[in-house]
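Beneath this line is the structure, given in structure tokens, with notes to follow.
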Amino acid sequence: MTNVVCAWIERDEVFEGYMRDALGPEDRDAFEAHYFECAACFDKVQLYESLQAELAVFPAEEPAAQPARVRPWRWALVPLGASLVLVAAAALWFRSPAPALPESTVATAPATQQKALEPPSGPASPRPGSADPGKPPASTTEESARPASLARPPVVALSVLTRVEPPVYVPAALRGPRDEAAEHFEAAMRRYVDGDYAGAIPGLRAAADLKPDAPQVLFFLAACQLITSEIDAAAAGFDRTIALGDSPYLEEAHFYLAKARLRQGRAAAARGELQQVINRHGRMEEEARRLVGQIDAISTKQDRPPR
Amino acid sequence: MTLLGERQHGDPVGQEAAPQDDAARWAGLASRVAQGDRAAEAEVADLFHQRVKLFASVRLHGSDAAVDIAQETILAVIEALRTGRLRAPYNLPGFVLGTARNLVNNHHRKQGRAPEVLEDPPDRPDETDGQWAGLDRERRGLVCKALGRLNALDRRIVLLTLVEGINPRDIAPIVGLKAEVVRTRKARTVKEVAGEIERATRLRPPDHIGTSGLKP
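Quick note, the sequences are listed as chains A and B, same order.
Residues 1 to 307 (our numbering) make up the first sequence, in order.
Residues 1001 to 1216 (our numbering) make up the second sequence, in order.
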């Protein structure tokens, strides 16, 4: 048996995505074909399956499982801690003109891009805490029934909307001769897999120059640009991916274009892209629906979302 | 049969056979089944039953039908091997996967048309399935014990990841850590659980690929 390093075994995101049925069809098929032959990866898939199954029933057992470790005085601090968090969140909400992105490995968008979620041509955005007489009564009624600190979306909600989880890349097992564009692409994607998104961009650009109609190249170039906050270039790249028509990246391109539009402060356009994702009834439909709901919840406070 | 010990003795984790070696092994196994070697048939079942069941379980979102599909797939594959209908014996895993995919697709179609009609799988020794079911239970038992020994925060992180489907960036504010720390703790936790299971099963001799007759 010769030693060929398995390219998948350390890719936890692939294993997690597979178990959650969150991989694209091509990636999923490629991964299945791989673990049907790779003993180590099959072991790991089995482990994830067992973990998923056991974790699903574990929370109910948790208090009984560790009775000796329970320290009642610590639990007494929980309400106090929760109150402090709520107070701090409320203070931040009322003071900040725009919520800051939490620390993450994804580069943050400039403050001007984070600032407003309503379309630029729309009316001036009121501060999140200020009342707007034009708002629908339903949410006002609902909010009035709750404490002031809970009546508004949590501070994290806005930043969650603009956050980008790098799309999963699963290397395809290609046979036959490789051209220069493919070599550029593969080299760039090795950097991508390592989390070096900025470092992947030059190789992806070179591949795109050689093969401007390759959807995977355009898509991942745009993804890297989005992650590194080249928002306009990213949006244009996703647009080009979509313009190529049906491809394995079409659904994701709409989804990430929505993220780019949110970064640009174009909530209406983002909503439109998410609607495209929903209409396709693919694997990202649920997430797109969730995002649309969040956009609507936020937009209700600022402006009527387009229906 | 081991739980996590399917690889050959001495092979480092994450390494696998070169494609040519594999091709020769699969072709040899297919040839032995075609020649009527019952032990080779058992090897095919040992090698692929659990893979197909896991595949079908993921594709059918945990449906019990995965067990039936695994059985039907193995029977169909062995039947094809017996009659020499496999055109590319070096690609036996691909053939098994393709057969399983077809059966899963058929299942989806049947589900779309009418309520599922359950049929007893033909010519299927029950005790073999019981053996695999026992392994599944044992693995889950070990995983459960390992989870019980974990730090509560780590357990919560893997719960949010694998059950709730939340990514590290969104878990970070929930648990009050940086996303990178969440990623690290998650990966470390999975490795810890895998390590515990491996230690618990280390003493048993592996009898999967390469150690139970799968020779070129």
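The beta carbon of each residue, even a glycine, is placed where N, CA and C say it ideally should be.
Return the Cβ separation of residue i and residue j in integer angstroms, given the expectation that the two are a contact with Cβ distance under 8 Å.
| i | j | result |
| --- | --- | --- |
| Leu262/A | Leu161/A | 6 Å |
| Val164/A | Lys44/A | So it is not a contact: roughly 26 Å between Cβ atoms. |
| Tyr249/A | Pro215/A | 5 Å |
| Leu1186/B | Pro1168/B | The amino acid at residue 1186/B is misidentified as Leu; the sequence shows Lys. Lys1186/B to Pro1168/B, Cβ: 7 Å. Contact. |
| Glu16/A | Leu1162/B | 6 Å |
| Leu980/B | Ala1030/B | One cannot answer for residue 980/B here, as it falls past the ends of chain B, which runs 1001 to 1216. |
| Ala40/A | Ile9/A | 5 Å |
Using DSSP with H/G/I as helix, E/B as strand and the rest coil, what is residue i?
| i | result |
| --- | --- |
| His281/A | coil |
| Val217/A | helix |
| Asp196/A | coil |
| Ser1031/B | helix |
| Pro1168/B | helix |
| Pro153/A | Note that Pro153/A has pLDDT 40, beneath the 50 cutoff, so the model's placement of it is unreliable and no number is given. |
| Gln264/A | coil |
| Ser1063/B | coil |
| Gly1148/B | helix |
| Ala370/A | Residue 370/A is absent from the model: chain A starts at 1 and stops at 307. |
| Val1058/B | helix |
| Gly1084/B | coil |
| Val164/A | coil |
| Tyr249/A | coil |
| Asp232/A | helix |
| Val1175/B | helix |
| Pro212/A | coil |
| Val1096/B | helix |
| Arg178/A | coil |
| Leu244/A | coil |
| Pro1089/B | helix |
| Val1077/B | helix |
| Tyr256/A | helix |
| Pro202/A | helix |
| Val1044/B | helix |
What does the alpha-carbon distance come out to for the pair residue i and residue j?
| i | j | result |
| --- | --- | --- |
| Tyr169/A | Gly1036/B | 43 Å |
| Ile1074/B | Glu285/A | 34 Å |
| Ala1146/B | Val1052/B | 26 Å |
| Ala200/A | Phe220/A | 9 Å |
| Ile298/A | Leu274/A | 16 Å |
| Val1096/B | Val1077/B | 6 Å |
| Leu244/A | Val217/A | 12 Å |
| Asp246/A | Ala1133/B | 42 Å |
| Pro126/A | Gly265/A | In this prediction, Pro126/A has a pLDDT of 38, which is less than 50 and means its spatial position is unreliable; what the coordinates show is noted afterwards. So the alpha carbons of these two residues sit roughly 15 Å apart. |
| Glu230/A | Glu287/A | 24 Å |
| Glu1138/B | Asp1068/B | 21 Å |
| Ala233/A | Phe185/A | 18 Å |
| Pro210/A | Ala182/A | One detail in the question is off: residue 210/A reads as Leu in this sequence, not Pro. About 9 Å. |
| Val1193/B | Met189/A | 30 Å |
| Leu1177/B | Thr1184/B | 11 Å |
| Glu62/A | Gly1148/B | Reliability fails at Glu62/A, whose pLDDT of 44 lies under 50, so the model's placement of it is uncertain and the value that follows must be treated cautiously. In a straight line, the C-alpha of Glu62/A is about 8 Å away from that of Gly1148/B. |
| Arg1087/B | Gly1028/B | 14 Å |
| Tyr256/A | Glu180/A | 27 Å |
| Glu49/A | Arg1140/B | 9 Å |
| Arg326/A | Phe1055/B | Residue 326/A lies beyond the residue range present for chain A, which begins at 1 and ends at 307; the question has no answer from this structure. |
| Asn1106/B | His1049/B | 19 Å |
| Ala208/A | Tyr192/A | 16 Å |
| Tyr35/A | Ala268/A | 42 Å |
| Ile1157/B | Phe58/A | 13 Å |
| Glu1198/B | Leu1135/B | 14 Å |
| Arg1124/B | Thr1083/B | With a pLDDT of only 44 at Arg1124/B, under 50, the local geometry of the prediction cannot be trusted, and the value read off the model is given with reservation. If you take the alpha carbons of Arg1124/B and Thr1083/B, they lie about 19 Å apart. |
| Gly282/A | Ala22/A | 10 Å |
| Pro202/A | Gln46/A | 38 Å |
Using beta carbons (cut-off 8 Å, strictly below), is residue i in contact with chain D?
| i | result |
| --- | --- |
| Gly1165/B | Judged by its chain identifiers, the structure shown contains no chain D, and its protein chains are A and B. |
Under 7 Å from any heavy atom of the ligand PLP, does the C-beta of residue i make it?
| i | result |
| --- | --- |
| Ala1023/B | In the structure on display, the ligand PLP does not appear, and there are no ligands present to speak of. |
Which runs of the alpha helix (DSSP H) spanning at least 4 residues fall entirely within the stretch 13-68 of chain A, listed in chain order?
25-35 and 39-65
Of the residues that make up the stretch 19-48 of chain A, which ones have a beta carbon closer than 9 Å to any beta carbon in chain B?
Met19, Arg20, Asp21, Ala22, Arg28, Asp29, Glu32, Ala33, Tyr35, Phe36, Glu37, Cys38, Ala39, Ala40, Cys41, Phe42, Asp43, Lys44, Val45, Gln46, Leu47 and Tyr48
Selection of the stretch 1083-1096 of chain B by Cβ proximity to chain A, strictly under 7 Å
Pro1093, Gly1094 and Val1096
Contact set between the stretch 1021-1040 of chain B and chain A, restricted to residues whose Cβ is under 7 Å from the partner:
Asp1021 and Asp1022
Return the residues of the stretch 182-193 of chain A that lie within a Cβ-Cβ distance of less than 7 Å from chain B, sorted by chain order.
none
Between the stretch 1128-1152 of chain B and chain A, which residues of the former have CB atoms less than 7 Å from a CB of the latter, in chain order?
Arg1139, Arg1140, Val1143, Cys1144, Leu1147 and Gly1148
Closer than 7 Å between beta carbons: that is the criterion. Which residues of the stretch 278-302 of chain A meet it against chain B?
none
Any C-beta of chain A within less than 9 Å: which residues of the stretch 1050-1075 of chain B qualify?
Gln1050, Arg1051, Val1052, Leu1054, Phe1055, Ser1057, Val1058, Arg1059, His1061 and Gly1062
Interface positions of the stretch 211-227 of chain A facing chain B (Cβ-Cβ less than 7 Å), listed along the chain:
none
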